[in-house]
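Worksheet for the structure shown next.
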Amino acid sequence: MGSAAFLRNCWYVAAWEHEVGPAQLFQRTILGQSLLLFRTSSGNVVALDNKCCHRHAPLSLGRREGDCVRCMYHGLKFGPDGKCVEIPGQTAIPSTVRVKTFPVAERKRWIWVWLGDPAKADPDAIPDMFSLEHPQWRMKPGYMHYKANHLLISDNILDFSHLSYVHEKTLGGSTAIADTRPKTERLERGVRLTREIRNAAPAPNHVKLGAPEGPVDRWWIYDYVLPGLLLLDSGVKASNPENRSGHTLHFHSCQAITPETERTTHYFFMQAHGFSLEDSSITDSLYNGVVAAFDEDQRIVEAQQQLIDSTPASEMMGLIADTALAHFRNLYQRALQQEQTESS
Amino acid sequence: MGSAAFLRNCWYVAAWEHEVGPAQLFQRTILGQSLLLFRTSSGNVVALDNKCCHRHAPLSLGRREGDCVRCMYHGLKFGPDGKCVEIPGQTAIPSTVRVKTFPVAERKRWIWVWLGDPAKADPDAIPDMFSLEHPQWRMKPGYMHYKANHLLISDNILDFSHLSYVHEKTLGGSTAIADTRPKTERLERGVRLTREIRNAAPAPNHVKLGAPEGPVDRWWIYDYVLPGLLLLDSGVKASNPENRSGHTLHFHSCQAITPETERTTHYFFMQAHGFSLEDSSITDSLYNGVVAAFDEDQRIVEAQQQLIDSTPASEMMGLIADTALAHFRNLYQRALQQEQTESS
Amino acid sequence: MGSAAFLRNCWYVAAWEHEVGPAQLFQRTILGQSLLLFRTSSGNVVALDNKCCHRHAPLSLGRREGDCVRCMYHGLKFGPDGKCVEIPGQTAIPSTVRVKTFPVAERKRWIWVWLGDPAKADPDAIPDMFSLEHPQWRMKPGYMHYKANHLLISDNILDFSHLSYVHEKTLGGSTAIADTRPKTERLERGVRLTREIRNAAPAPNHVKLGAPEGPVDRWWIYDYVLPGLLLLDSGVKASNPENRSGHTLHFHSCQAITPETERTTHYFFMQAHGFSLEDSSITDSLYNGVVAAFDEDQRIVEAQQQLIDSTPASEMMGLIADTALAHFRNLYQRALQQEQTESS
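Given below as structure tokens:
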């Protein structure tokens with residue numbers, strides 16, 4: 632499972648916008664690359680190699696000086712373009728004295744970074760994660776750190792039959808979810824899944840948000856695209872139209888899976904509600920419920936990773952439920968091979 | 632020292648009977664194999680590969696449903712024979728969807744598991760660890776987890792001269808133990824050691840149990856057999872027959888060394904008393920004294936393992952005292968080679 | 632950076648004299664070698680391989696018996712010359728039953744050990760670390776344990792431009808230190824650096840010790856020699872001679888960098904004052920200030936090591952400020968190659 636390499640010619644979410652404050656030096660490692668992120672006086676975020684080119688001290692332990700960062704080991708000062716602008720005790724500054732910079736795009740509330748070939752970095756390729764910032768949706772931002780390879784998390788997202796079991800008491804509530812096979816459509820860079828159940832029990836979390844307790848119809852329609860981005864429309868309504876007034880709960884979720892290392896992953900997530908927009912207790916309750924459910928995912932996925940790592944390698948057994956995840960893993964491997972072919 | 636492989640065609644103690652309760656899913660790793668142990672409604676213990684064949688989640692995080700276990704990741708349900716009996720969302724269940732099972736034998740109070748060729752698993756090969764459950768013996772069950780290779784623990788057991796030094800203030804009390812060479816007999820699958828000392832000081836632990844303080848005779852007669860099983864008869868009595876009435880202390884100990892990984896080991900042990908059978912304070916005191924002594928062993932053996940691992944490799948220096956341990960290591964290596972020859 | 636091997640034909644500081652008390656068994660690992668140090672009844676320190684030659688238990692868990700040490704696993708007893716003098720249960724003691732000893736020299740307050748070819752161990756080669764014990768100097772002994780390769784610490788010492796940045800609020804206080812290039816002289820086994828600044832701000836630490844707050848002249852003159860030994864003369868005085876009375880602060884510092892493993896290092900240090908000799912509050916304040924500053928070094932150097940280890944290898948960028956450290960690293964590598972050539 633996993634692979635020693637990551638797709639590089641992709642935009643990755645590196646941070647929530649609020650994580651990179653105006654006066655801050657923010658460090659985050661993605662794809663094994665330690666990054667320094669900071670916001671210049673114009674408000675733009677820049678991403679620099681965190682490793683000072685001189686003696687490899689972390690610039691994140693350095694000091695902001697205007698739009699520059701000074702390494703606090705021997706005092707080299709770098710501009711937001713990565714060029715060294717001061718070397719204490721040395722007047723000539725060779726143009727080779729610089730740290731690498733990476734393309735950055737801030738879209739809605741996420742800061743995206745591109746680690747691959749800069750010539751290919753087109754911000755228009757970033758999917759529209761609209762519910763992150765939209766007048767008809769409300770949400771609270773979420774982040775988790777996983778001790779697992781990113782593809783195990785993608786697997787999890789690509790088979791919602793786990794809702795019936797992992798999330799029995801939170802987002803599940805019914806074995807009908809697992810018993811129903813979703814429609815799976817292949818996209819150029821991912822997969823689209825549509826799963827609907829009728830006359831079923833609601834999710835315990837949704838009852839807390841006002842969903843009807845009687846028989847309900849539920850749906851999950853989502854795209855999951857490379858390198859690991861989820862756009863999920865879901866909801867619940869009374870199966871009997873007569874009971875439906877005021878009780879349809881409509882959600883939208885954006886999630887981004889960003890590898891930190893081969894065995895650790897950043898998980899950026901949020902789930903927005905499209906009802907009771909002015910009721911912040913709904914926003915809080917929805918957020919708390921999702922965090923509780925994602926803790927359940929983390930427990931099983933990290934245990935899965937540990938078991939895989941601590942026991943002799945063996946093949947996984949493919950089932951019908953694996954259609955989407957197998958397709959996605961296949962896409963990922965082909966894209967990886969293509970990148971490796973192109974770069975050699 | 633050690634080896635990357637373990638003997639597999641052997642019965643290993645995997646648990647005390649009370650560790651595997653009726654409604655429980657019990658996980659333990661032996662020889663690098665993660666096992667799920669549980670007791671069916673008939674009371675029999677079954678041992679399954681803990682790794683769900685589907686996506687390798689641990690079944691030990693699953694749920695008992697009658698005599699079955701359900702993986703709580705995607706809901707696959709397995710019978711006690713390892714066969715999958717339900718795949719949510721899929722009607723056909725290929726016979727290949729199953730987890731491996733391992734032969735189990737419950738004898739007296741220990742649960743034994745066989746990881747090698749099942750055709751060779753003969754429970755009659757399990758030594759009679761009689762004192763674990765016997766009307767003339769009383770004991771409390773003990774367990775320790777070692778951060779050391781199992782053969783370092785076998786070494787420890789195979790040279791009781793360490794009683795004089797490691798256990799000076801617990802099980803030793805006299806340098807005469809180390810000064811006396813034991814009789815060593817080679818058994819087909821192990822070694823028999825007989826060590827007797829006369830007119831010596833008693834063990835501090837034994838004085839607490841009522842042993843005479845004056846000169847005593849002491850003995851240790853034991854078999855240690857593959858893969859790491861101890862049956863030990865020992866005791867103490869006044870050297871002067873006139874002082875002997877009521878003061879002979881007779882013990883029997885069963886111990887099982889089961890590798891968890893190359894560098895960690897399970898240690899199952901107990902020491903039974905064959906006197907004052909109805910006095911539970913003796914049982915407690917004996918148990919506490921043995922635990923204190925085994926903590927002394929653990930300290931020196933783990934320090935030995937750390938020193939071996941952190942310093943350049945060098946040869947150990949063979950002494951006369953190593954006769955039994957050298958013979959046992961030799962037996963172990965030959966049995967290992969034979970297994971490897973047979974399986975290739 | 633770093634290297635898998637260490638220079639061996641050198642004296643290394645292994646301990647402060649007070650660390651090895653009269654009745655003690657003191658363990659320390661240097662160059663990956665676990666050493667047992669103890670002081671015989673004559674007061675001399677001996678250094679033995681800590682690994683008992685029998686079963687590799689640590690002698691440091693053993694027992695002093697006169698000038699001997701007894702291994703508390705199976706009772707072997709070794710003299711201060713490493714020869715085994717007792718094997719319990721065995722009368723003949725082959726001359727091969729012994730542990731290795733290493734040349735030791737106690738000079739002033741440091742205990743030096745030689746791990747290389749004993750024939751080359753000449754204590755006269757130990758530099759005179761005079762201020763460790765001298766009627767005109769006062770100091771308190773310091774020790775730190777670094778999670779970094781020793782050469783990163785040598786680098787730190789060989790470029791004092793870091794005082795302006797790492798130690799801005801302790802030993803620095805002025806960017807003039809980094810802006811001034813030192814004079815660098817090549818020594819046979821090291822390098823001599825002379826750095827002087829005039830009409831500058833004093834170090835915050837020195838103001839606490841009574842240095843003038845006005846413009847001051849400051850100097851650092853030091854030798855740094857293989858394998859990692861510092862002798863540093865430094866001080867501060869008022870730039871205006873009229874303000875100078877009673878305010879010249881003169882320091883001398885001895886420091887020794889001893890590798891423990893490839894990624895951990897012992898740092899022995901002290902800074903002595905040559906003024907106010909009878910005022911122990913000065914000695915305390917100087918010591919506390921140096922420790923605070925060395926904590927600053929440790930933070931940046933350990934972060935540097937972590938970043939180097941966790942990111943893909945890349946070249947460091949040589950600057951003019953690296954003259955001395957590049958020369959020292961060069962000397963180290965050449966000496967290492969020479970040792971390896973000689974020993975093969």
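Protein chains in written order, with my numbering: chain A, 632 to 975; chain B, 632 to 975; chain C, 632 to 975.
All C-beta atoms, glycine included, are put in the ideal place defined by N, C-alpha and C.
- At a cut-off of 7 angstroms between beta-carbon atoms, L692(C) makes contact with chain B.
- Identification of residues in the stretch 787–802 of chain B having a C-beta nearer than 7 angstroms to some C-beta of chain C yields D790, S792, H793, S795, Y796 and V797, given in sequence order.
- Under DSSP, T727(A) forms no beta bridge with any residue.
- Here R639(A) is near G747(A), since their CB atoms are less than 7 angstroms apart.
- As a beta-bridge residue in DSSP terms, T732(B) pairs with L679(B).
- Not a single C-beta of chain C is nearer than 7 angstroms to the C-beta of C699(A).
- In the structure shown, Y918(C) falls within a helical segment according to DSSP collapsed to helix, strand and coil.
- Secondary structure remark: continuous alpha helix (DSSP H) runs of at least 4 residues inside the stretch 804–860 of chain B, in chain order: 807–810 and 835–839.
- For V728(C), a Cβ of chain B is located within less than 7 angstroms of the residue's own Cβ.
- DSSP places Y963(A) inside the alpha helix (DSSP H), whose first and last residues are T954 to S974.
- In the DSSP assignment, I757(A) forms no beta bridge with any residue.
- Using a Cβ distance threshold of 7 angstroms, L692(A) and V700(A) do not count as a contacting pair.
- At a cut-off of 7 angstroms between C-beta atoms, Y704(A) counts as an interface residue with respect to chain C.
- The Cβ of P719(A) sits closer than 7 angstroms to at least one Cβ of chain C.
- In the displayed model, F669(B) falls within a strand according to three-state DSSP.
- Remark: fewer than three beta-carbon pairs, one from each stretch, lie closer than 8 angstroms, so the stretch 961–972 of chain A and the stretch 791–811 of chain A are not flagged as touching.
- When secondary structure is reduced to three states using DSSP, Q658(A) falls in the strand class.
- Annotation: H765(A) is outside any beta strand (DSSP E) and is labelled neither H nor E by DSSP.
- In the three-state reduction of the DSSP assignment, K708(C) falls in the strand class.
- Scanning its chain for C-beta atoms nearer than 7 angstroms, with the 5 sequence neighbours on each side dropped, one finds around F637(C) the residues L662 and P890, in chain order.
- The C-beta of Q936(C) has 16 or more other C-beta atoms within 10 Å across all chains shown, which makes the residue buried.
- Bounds of any beta strand (DSSP E) do not take in S785(C); it lies within the alpha helix (DSSP H) bounded by H781 to I788.
- K868(B) carries a strand assignment under DSSP once its states are collapsed to helix, strand and coil.
- For A923(C), the secondary structure class from DSSP, reduced to helix, strand or coil, is helix.
- For E696(B), the enclosing beta strand (DSSP E) covers residues R694 to E696.
- If you check the CB distance, K714(C) and R695(C) do not come in under 7 angstroms.
- Residue contact with chain A for L863(C): absent (no Cβ-Cβ distance below 7 angstroms to any residue of chain A).
- Cα atoms of V847(C) and D755(C): separation of roughly 39 angstroms, rounded to the nearest angstrom.
- Residues of chain C with a Cβ closer than 9 angstroms to the Cβ of G663(A) are, in chain order, S941, T942 and P943.
- A Cβ-Cβ contact shorter than 7 angstroms links R686(B) with M947(A).
- Assignment of S907(B) by DSSP, reduced to helix, strand and coil, places it in the coil class.
- Interface annotation, R820(A): not in contact with chain C, CB-CB separation never under 7 angstroms.
- Membership of P689(A) in any beta strand (DSSP E) is not indicated, and neither H nor E is assigned to it by DSSP.
- Here F900(A) carries a strand assignment [DSSP, helix/strand/coil].
- In terms of Cβ geometry, P711(A) and T671(A) form a close pair [threshold 7 angstroms].
- In the three-state DSSP reduction, K800(C) falls in the coil class, being neither helix nor strand.
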